[in-house]
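Everything below concerns the one structure shown next.
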Amino acid sequence: MKKIGVIGAGTMGFGISFYFAIHGIPTHVVDISNVELENAKEKLKTYYQLFNENGYPLPFSERETVSFLSYSTELNHLKDADLIIESATENLILKQELFKKLDLLAKPEAILTSNTSSLKLSDIALYVKKHRNRLLLTHFFNPAQIVPLVELLPSEETSTQIVDDIKTFFESINKTPIIIKREVPGLAANRIQVALAREALSLLEDGVLSKEDLEKTLYDGPGFRFAASGLLKIIDFGGLDVWSSVLQNLQKEIESEVRDFSIINDLVQKNAIGVKTGKGFFEYPNKGFDEFVLQRDSELLKHLLNTRYKLLNRDL
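When you line the sequence shown up against the working numbering, it's residues 266 to 581, in that order.
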């Protein structure tokens, strides 16, 4: 991948392009908004310093990293890209139009991908003809510049070689690509996350425990173990016989209905929608949204380096 194109300079588009830049890959970012492009340029400097301060091994100077990124409002600048990642607004019609245009302007050997888990690849690629065997979803997790996971979903027509090439590429820059074998809404990680959220919010709304204790339960219980092991290994260590019994006893008790959570809806009605308004389940005083995001990302970087110690002992 000698040149990458990223469509969208917002939260996800920035994170994706920043990650490529710190690995020395020339990347061109396209956005219809010059304001978003300028914001992305400023955020690059901020995040370079954040990564550097937290001990992330950066092989290139800030000036060199900046030089790997270019920006414009014109899709035509992506005509010679080897890989194009669309990370625009989650609007199906918009994405269909973008891929229709990309199919015409991208070089024949280009790989076209979308960073989404909420929309179906088969719908997004409705008008694609020339690149039908070179299509994938490449779904990054926010913040994309830190979280290792990338979910890969090929279409039924995508060649096996393209999937292997993309997987190898992401592994070469220390991402963790997984293959989604069948198109399902939400792919894998978001489905698991929503299932967890449904049960946790049910416990909270039904008065089983306080919001403070719910946070402790996840952070110092399952979350603590998940930092060192995946679910199936946890089951292996617990014993499949034990887990078989637990599943039989508890599955009928846990939340399985589609609920309209008033515990969230009531807060939304009060415009208490989280960090960006200063209050959600908890209060976020005395700092702006960006400051809280940087604080979170600093903690995530520490966690990344603690759990991926090999990063400190290998070349990027």
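All C-beta atoms, glycine included, are put in the ideal place defined by N, C-alpha and C. Remember, it's a predicted structure, so these values are computed and weren't measured experimentally.
Check	Outcome
Continuous alpha helix (DSSP H) stretch holding Y284: start and end	T276 to I287
Residues of its chain near L559, where Cβ-Cβ distance is below 8 Å and the 5 sequence neighbours each way are ignored	T311 and L315
For L532 and A286, the rounded distance between their alpha carbons	39 Å
Own chain, CB closer than 6 Å to A274, minus 5 neighbours either side, in chain order	V294, D296, E301, L302 and A305
Cβ shell of S420 (< 6 Å), same chain only, five flanking positions each side left out	L386 and L400
Endpoints, beta strand (DSSP E) assigned at S510	That residue, S510, is in no beta strand (DSSP E); its alpha helix (DSSP H) goes L505 to L515.
Residues near T276 in its chain [Cβ-Cβ closer than 6 Å; skip 5 each side]	none
Beta-carbon proximity of K308 to F279, cut-off 7 Å	yes
Any 3 or more C-beta pairs closer than 8 Å across the region 464 to 481 and the region 441 to 454	no
Straight-line gap, F491 to T378 (C-alpha atoms, nearest Å)	29 Å
Collapsed DSSP secondary structure at V295 in the structure displayed	strand
Other residues of its chain near S563: CB distance less than 7 Å, five sequence neighbours each side excluded	L315 and N319
C-beta contact flag for L414 and T441 at 7 Å	yes
Per DSSP, cross-strand counterpart(s) of S335	H293
V271 - containing beta strand (DSSP E), residue span	I269 to I272
8 Å contact criterion, which L357 and L384 should meet: CB distance rounded	6 Å
Which of helix, strand or coil DSSP assigns to T311	helix
Counted within 10 angstroms of its Cβ, other Cβ atoms place F502 as buried (16 or more) or exposed	exposed
Spatial distance of K267 from S326 (CA atoms)	19 Å
Close beta carbons around E464, own chain, < 6 Å, minus the five adjacent residues each side	I519 and E520
Euclidean distance between Cα positions of P408 and L569	12 Å
I350 vs T403 beta-carbon contact at 7 Å	yes
I431 - containing beta strand (DSSP E), residue span	Not the beta strand (DSSP E): I431 falls in the alpha helix (DSSP H), residues T425 to S437.
Between the CA atoms of A346 and Y313 - distance to the nearest angstrom	24 Å
L343 and G270 closer than 7 Å at C-beta	yes
As assigned by DSSP and simplified to three states, the class of S379	strand
Enclosing beta strand (DSSP E) for P419 [first to last residue]	L414 to P419
DSSP three-state assignment for E351, whether helix, strand or coil	strand
Identity of the residue in R397, L479 and E329 nearest T582 by Cα	The question about residue 582 has no answer here: the residues shown for the chain are numbered 266 through 581.
Whether I389 touches F364 by CB criterion (7 Å)	yes
Length of the line joining the Cα atoms of T572 and V331	28 Å
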